[in-house]
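Read top to bottom, the protein sequences are chains A and C.
Take the first sequence: its position 415, counting from 1, is numbered 414 in numbering that gives the first Met the number 0, and each next residue is one higher.
Take the second sequence: its position 117, counting from 1, is numbered 116 in numbering that gives the first Met the number 0, and each next residue is one higher.
Glycine included, each C-beta is placed from N, C-alpha and C at the ideal position.
Please read all numbers here as calculations on a predicted model, not as lab measurements.
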Amino acid sequence: MQSAISLSLSSPSPIARSGVANTSNACWPMPRSLRFCGLRREAFDSAASFDASSLRFVRLNLQPKHSSLSKVSAVLKGNGAPSSSGFDYDLVIIGAGVGGHGAALHAVEQGLKTAIIEGDVVGGTCVNRGCVPSKALLAVSGRMRELQNEHHMKSFGLQVAAAGYDRQGVADHANNLASKIRSNLTNSLKALGVDILTGVGTILGPQKLKYGKGDSGEKIITAKDIIIATGSVPLVPKGIEVDGKTVITSDHALKLEFVPDWIAIVGSGYIGLEFSDVYTALGSEVTFIEALDQLMPGFDPEIGKLAQRVLINPRKIDSYTGVFASKITPAKDGKPVQIELVDAKTKEPKDTLEVDAALIATGRAPFTKGLGLENINVQTQRGFVPVDERMRVIDANGKLVPHLYCIGDANGKMMLAHAASAQGISVVEQVTGKDHVLNHLSIPAACFTHPEISMVGLTEPQAREKAQKEGFEVSVAKTSFKANTKALAENEGEGMAKLIYRPDNGEILGVHIFGLHAADLIHEASNAIAMGTRIQDIKFAVHAHPTLSEVLDELFKSAKVKTKTSLSPEPKSLLILQWLKLAHLVQLLSQSRSRRREVL
Amino acid sequence: MASLSFSSSVSSSTPFLRPSAFFLKPRSISRLPLVRAKIREIFMPALSSTMTEGKIVSWVKSEGDVLSKGEPVVVVESDKADMDVETFYDGILAAIVVNDGETAPVGAPIGLLAETEDEIAEAKAKAAAQSSSAPSATATKVEESAPVATKVEAPAPAVAAAAPATPGKVVATPYAKKLAKQHKVDINKLVGTGPFGRITPEDVEKAAGITPAPKANVIAPVAPAASAATSTASPAKAATSFPEIPGSNVVPFTTMQAAVSKNMVESLSVPTFRVGYPISTDALDALYEKVKPKGVTMTALLAKAAAMALVQHPVVNATCKDGKSFTYNSSINIAVAVAINGGLITPVLQDADKLDLYLLSQKWKELVEKARAKQLQPQEYNSGTFTLSNLGMFGVDRFDAILPPGQGAIMAVGASKPTVVADKDGFFSVKNKMLVNVTADHRIIYGADLAAFLQTFSKIIENPESLTM
Numbered sequence: 000m001q002s003a004i005s006l007s008l009s010s011p012s013p014i015a016r017s018g019v020a021n022t023s024n025a026c027w028p029m030p031r032s033l034r035f036c037g038l039r040r041e042a043f044d045s046a047a048s049f050d051a052s053s054l055r056f057v058r059l060n061l062q063p064k065h066s067s068l069s070k071v072s073a074v075l076k077g078n079g080a081p082s083s084s085g086f087d088y089d090l091v092i093i094g095a096g097v098g099g100h101g102a103a104l105h106a107v108e109q110g111l112k113t114a115i116i117e118g119d120v121v122g123g124t125c126v127n128r129g130c131v132p133s134k135a136l137l138a139v140s141g142r143m144r145e146l147q148n149e150h151h152m153k154s155f156g157l158q159v160a161a162a163g164y165d166r167q168g169v170a171d172h173a174n175n176l177a178s179k180i181r182s183n184l185t186n187s188l189k190a191l192g193v194d195i196l197t198g199v200g201t202i203l204g205p206q207k208l209k210y211g212k213g214d215s216g217e218k219i220i221t222a223k224d225i226i227i228a229t230g231s232v233p234l235v236p237k238g239i240e241v242d243g244k245t246v247i248t249s250d251h252a253l254k255l256e257f258v259p260d261w262i263a264i265v266g267s268g269y270i271g272l273e274f275s276d277v278y279t280a281l282g283s284e285v286t287f288i289e290a291l292d293q294l295m296p297g298f299d300p301e302i303g304k305l306a307q308r309v310l311i312n313p314r315k316i317d318s319y320t321g322v323f324a325s326k327i328t329p330a331k332d333g334k335p336v337q338i339e340l341v342d343a344k345t346k347e348p349k350d351t352l353e354v355d356a357a358l359i360a361t362g363r364a365p366f367t368k369g370l371g372l373e374n375i376n377v378q379t380q381r382g383f384v385p386v387d388e389r390m391r392v393i394d395a396n397g398k399l400v401p402h403l404y405c406i407g408d409a410n411g412k413m414m415l416a417h418a419a420s421a422q423g424i425s426v427v428e429q430v431t432g433k434d435h436v437l438n439h440l441s442i443p444a445a446c447f448t449h450p451e452i453s454m455v456g457l458t459e460p461q462a463r464e465k466a467q468k469e470g471f472e473v474s475v476a477k478t479s480f481k482a483n484t485k486a487l488a489e490n491e492g493e494g495m496a497k498l499i500y501r502p503d504n505g506e507i508l509g510v511h512i513f514g515l516h517a518a519d520l521i522h523e524a525s526n527a528i529a530m531g532t533r534i535q536d537i538k539f540a541v542h543a544h545p546t547l548s549e550v551l552d553e554l555f556k557s558a559k560v561k562t563k564t565s566l567s568p569e570p571k572s573l574l575i576l577q578w579l580k581l582a583h584l585v586q587l588l589s590q591s592r593s594r595r596r597e598v599l
Numbered sequence: 000m001a002s003l004s005f006s007s008s009v010s011s012s013t014p015f016l017r018p019s020a021f022f023l024k025p026r027s028i029s030r031l032p033l034v035r036a037k038i039r040e041i042f043m044p045a046l047s048s049t050m051t052e053g054k055i056v057s058w059v060k061s062e063g064d065v066l067s068k069g070e071p072v073v074v075v076e077s078d079k080a081d082m083d084v085e086t087f088y089d090g091i092l093a094a095i096v097v098n099d100g101e102t103a104p105v106g107a108p109i110g111l112l113a114e115t116e117d118e119i120a121e122a123k124a125k126a127a128a129q130s131s132s133a134p135s136a137t138a139t140k141v142e143e144s145a146p147v148a149t150k151v152e153a154p155a156p157a158v159a160a161a162a163p164a165t166p167g168k169v170v171a172t173p174y175a176k177k178l179a180k181q182h183k184v185d186i187n188k189l190v191g192t193g194p195f196g197r198i199t200p201e202d203v204e205k206a207a208g209i210t211p212a213p214k215a216n217v218i219a220p221v222a223p224a225a226s227a228a229t230s231t232a233s234p235a236k237a238a239t240s241f242p243e244i245p246g247s248n249v250v251p252f253t254t255m256q257a258a259v260s261k262n263m264v265e266s267l268s269v270p271t272f273r274v275g276y277p278i279s280t281d282a283l284d285a286l287y288e289k290v291k292p293k294g295v296t297m298t299a300l301l302a303k304a305a306a307m308a309l310v311q312h313p314v315v316n317a318t319c320k321d322g323k324s325f326t327y328n329s330s331i332n333i334a335v336a337v338a339i340n341g342g343l344i345t346p347v348l349q350d351a352d353k354l355d356l357y358l359l360s361q362k363w364k365e366l367v368e369k370a371r372a373k374q375l376q377p378q379e380y381n382s383g384t385f386t387l388s389n390l391g392m393f394g395v396d397r398f399d400a401i402l403p404p405g406q407g408a409i410m411a412v413g414a415s416k417p418t419v420v421a422d423k424d425g426f427f428s429v430k431n432k433m434l435v436n437v438t439a440d441h442r443i444i445y446g447a448d449l450a451a452f453l454q455t456f457s458k459i460i461e462n463p464e465s466l467t468m
């Protein structure tokens, strides 16, 4: 959820992601995409420079060792005294969002004396203003959709009187969920003995920082290692006046203080899509304003097209693409919200919209002001803290700053809550002496519309570009939810799963799912990528019948890999493989024949 | 002419994935010699071996678009998946025969492809001949819908930017635009009635001649008995299907009225029958005159009499709760129906058989006051075991009461009237007579039970001295 919320910024166009950054025609989403793709490329590069499979093996072997060690040490030490003398803490984390929380938990488990500094509320964007409350709203919208869909209900043989909702009740649900998760998070930190220090954290120098609120009692502490995890805030492009009532960001929208008849959503990424799902379910009409030439940039084009056919075309939604909202004026003096549109390329005025409300979902900007980065000679790049692939902060001279790390939205690598948490765990691994590089390509992302969209790894254009550069073949396999028993039982046959892979060695490059519970289904694929499992092996994994997971089962089985399985049972049934073997034999024969001829 | 073939373009790189998706079907070879017409038909392709018909999900191209070989033209939904279908020929999409959302059998023409612009008209004529469904609309649609389809943002950008909220600028909501396109309404000719003069979906529907259908009236009618027994919401549903009479206004039920409605519908599940009985009231009237100064009301008298009769006929005071057993109530609680402003309530005289007439009258007075002030406690209106309803004060001579759920019987009391009666010796006399009519649940109370109860009741009324004891 933060995930959902934060990514829209970071995944603007497939073009941008694939690294051809200079073709930018969009002003504000671009900075994000620049960073995004740059780092992504780094991820590819590092993988490319080594033998990918050997790297993976190293990681696999390491894993079990850590976990057993860590458990023992956790029992022995808890969050007791700092292990290295001279410091107040082994690890101080600035920011108690999902990233900081994940890092803190893992740090305590590793026996580090840990503190976490929070200037606002524990939980950060994800829990308080992002993924968590938005899921509450989406849960409501899903049910509304079902109840309103007479045709759907009828096909079940159900009769339902007209569905209605109580806005305050819906808003309360979101708020209650956020406070519940927040208290869970706080309790888990307290239970482990993590010191929660209240106030704004500022870095004073190497391994030294202060925290506190304003002038009243600022305290200086030292720490062996410091993690910056300050997250992000909604990005509001210039020219847009946010009044929190009729022109709003996701922060306000999640409070659901009113449901407008007609709302314009600026940006059709994750945040925009999820809110369009909520608003249309609650009876609003929606107008999308997208700077790029097509809606839903950042998704695999084929998935995007299908999603558009299901999530946008049949709903009360229209859209303007290739335009910027250059000026948005909130409703006042009896006038509606006014939105001035300019052409994204020519900057010519194009149109003016009059709507009841506007939601700014153009993405998120890093929240790194006041961190004291100047004290250690670090220059942010458009607000983001520059880091290497191990999340180590890079200073203005391009050198690593020792003992300082930055995770999550603040570094802009991948603006997802769970990515931040994974980065935090990776950092803790490193500071406890175990080298660790997080494979960002194994981190899944999801958009919780109805039905959901999820993805992991590369999109098809990205994979093809990579393949061209590195000289391998790419294949695509697809399955439809229409053939899945469970999906049909739920009357939710709309959807597809798409696998992008290397037919030569069976490596999974990317998986994209659009359909019922796609967000829950993606993990089989993301785990396979993380573990380096190949298609020829995973296709023998058994799935319970009838379940939605069989969509992925069928997907893996429909892939045509030219290598033999590395598992013991011989796939006798695979005619293709046998055929390939035969073909290979024939080839060998003919080769040897021709050689003989040469000899003769 | 040789027909057009289509292939699926699911993934151009992996054509071997779905070999069946290739649709290479030469058709109507007999027409080949005709060189003149270069109009080709676009057929519904067979996207899988089991596919017999396909649904057009959407046309990627619109009529009049220039197509080049290999471009996706239309998205077809088969029994397994949605697929893009692309053309093998260059040309102009002259006419769409099968529209978005419609279904066609495999091999049926779904569109026409013209080679040059000159042939578009011919193709359209052909399309008109082929498509039985609104062919002229399809043809004219090209000009009509084009401006709508390409979004209303078209009108003079300079003007729009210079003066926002320009009078004359067309503002239509997203759904209104969608409807306009669907019903081929020219949105620029509409006058908006929505806020800030915007065109609403209702405006478009009106222009298209569609009465905005009240939602949820498509619910299939259910057998009334069954629905009444189980669902309390059904009367509301049924009501929505009544023809609307202009000028009527709808006032929603108050909570009390809703409760009454619910109870009345529930009562339909109980098999009831009715037994009437004429009772002479001369003696009762005389007693009433005597005790009236002491604050005794007719209601109290009747309630007391009923309670005393019920003591002797406990089955009439019983309840049938589950359709399988008698539930004999230990106390006799007489509920008395009272009309109060905008509703009806039944305050309960608990243990009416045990209290004396004066206490009962006093109690009744309190209850009525409480009822008017809406301060009755639940047990003061829902604990009745037998109900009394008296409309005699209005001059009603007889009526028929509906048995409230959870009780065995209800007594409807009419007015007492001077009546000429003949006695067994043939002498006429004038006596005050009232008709009481009891409705009872026949699952537990049979005709003879009720008759015996009424006989007892009439004896008590005709010899009312016992009431005061």
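CB contact check: residue i to chain C, cutoff 8 Å
{"i": "T286 of chain A", "result": "yes"}
{"i": "I316 of chain A", "result": "yes"}
{"i": "R391 of chain A", "result": "no"}
{"i": "H583 of chain A", "result": "no"}
{"i": "Q586 of chain A", "result": "no"}
Within chain A, the residues that residue i reaches when beta carbons sit closer than 7 Å
{"i": "F195 of chain C", "result": "P335, E353"}
Residue i at chain A interface by Cβ criterion, 8 Å
{"i": "Y174 of chain C", "result": "yes"}
{"i": "V97 of chain C", "result": "no"}
{"i": "V429 of chain C", "result": "no"}
{"i": "V170 of chain C", "result": "yes"}
Chain C residues whose Cβ lies nearer than 7 Å to that of residue i
{"i": "R308 of chain A", "result": "V56, S57"}
Opening and closing residue of the alpha helix (DSSP H) in which residue i lies
{"i": "P313 of chain C", "result": "Taken as a continuous stretch (DSSP letters only), P313 of chain C belongs to no alpha helix (DSSP H), as it is neither H nor E."}
{"i": "K416 of chain C", "result": "It is not in any alpha helix (DSSP H) - K416 of chain C instead sits in the beta strand (DSSP E) that spans 416 to 421."}
Which residues DSSP lists as bridging residue i, in chain order
{"i": "D342 of chain A", "result": "A:V322"}
{"i": "A606 of chain A", "result": "Nothing can be reported for residue 606 of chain A: it is not among the residues displayed for chain A, which extend from 0 to 599."}
{"i": "L399 of chain A", "result": "A:I393"}
First through last residue of the beta strand (DSSP E) which encompasses residue i
{"i": "S388 of chain C", "result": "385 to 389"}
{"i": "M454 of chain A", "result": "451 to 456"}
{"i": "M263 of chain C", "result": "First-last for M263 of chain C: 254 to 266, but that is the alpha helix (DSSP H), not the beta strand (DSSP E)."}
Give the residues from the region 353 to 376 of chain A that approach chain C closer than 8 Å (Cβ to any Cβ), ordered along the chain.
So the close ones are E353, D355.
Select from the region 43 to 76 of chain C all residues with a C-beta closer than 7 Å to any C-beta belonging to chain A, and list them in chain order.
Correct list: V56, S57.
Looking at chain A, which residues of the region 309 to 335 of chain C have a Cβ within less than 9 Å of any of its Cβ atoms?
Correct list: empty, as no residue qualifies.
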